[in-house]
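Beneath this line is the structure, given in structure tokens, with notes to follow.
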Amino acid sequence: MGERIHLVVSEAQKERWDAFADGHNDIDDRSDLIRTAVETYIASADTESDLPEEIEDKFDDLLVHFERLESRVSFANESFETLLEHQLDADEVEDIVEYHTQMLKDEIERYEQGATEDGSDE
């Protein structure tokens, strides 16, 4: 699991970020929004590449999908660690596993659809 960092922002900024994350199905929560935004910013700031722009764009898209998938796996791991700490019945465990499995499948499907739309499924 990754290292936690602390970020200090105003209450208004936090509420704005939360509202944005809540209003976008492709963003899980505030942490996912921050990770995605930072990685997108870093990817767009790296302009010293000799690659054609089309390749860079596809790489940036792939990086964003990878970061989102990594975020979802991390979230799943945190949930599974919580399972180890608490006594849950079989139905609760099954619901949690099913939720995370579907979330990961949805992310992979979203990536595959984007790749097909971009014509990068060759």
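Here the sequence shown is numbered in this note's numbering, starting from -6 and rising by one per residue.
All C-beta atoms, glycine included, are put in the ideal place defined by N, C-alpha and C.
Boundaries (first-last residue) of the alpha helix (DSSP H) holding residue i
i, result
"ASN70", "46 to 78"
"ILE27", "23 to 38"
"GLU(-4)", "Element bounds for GLU(-4): n/a, residue is neither H nor E."
"ASP19", "That residue, ASP19, is in no alpha helix (DSSP H); it is neither H nor E in DSSP."
Member of the options whose CA lies at the smallest distance from the CA of residue i
i, options, result
"ASN18", "ALA38, GLU100 and PHE68", "GLU100"
"ILE20", "MET96, THR109 and GLU4", "MET96"
Whole-number beta carbon distance between residue j and residue i, since they are thought to touch under 8 angstroms
i, j, result
"SER64", "HIS93", "12 angstroms between Cβ atoms; not a contact."
"ARG(-3)", "ASP11", "Not confirmed; about 18 angstroms, so no contact."
"THR29", "GLU8", "Not quite, the Cβ-Cβ distance comes to about 19 angstroms (not below 8 angstroms), so this is no contact."
"GLU32", "LEU56", "6 angstroms"
"ASP53", "ALA36", "4 angstroms"
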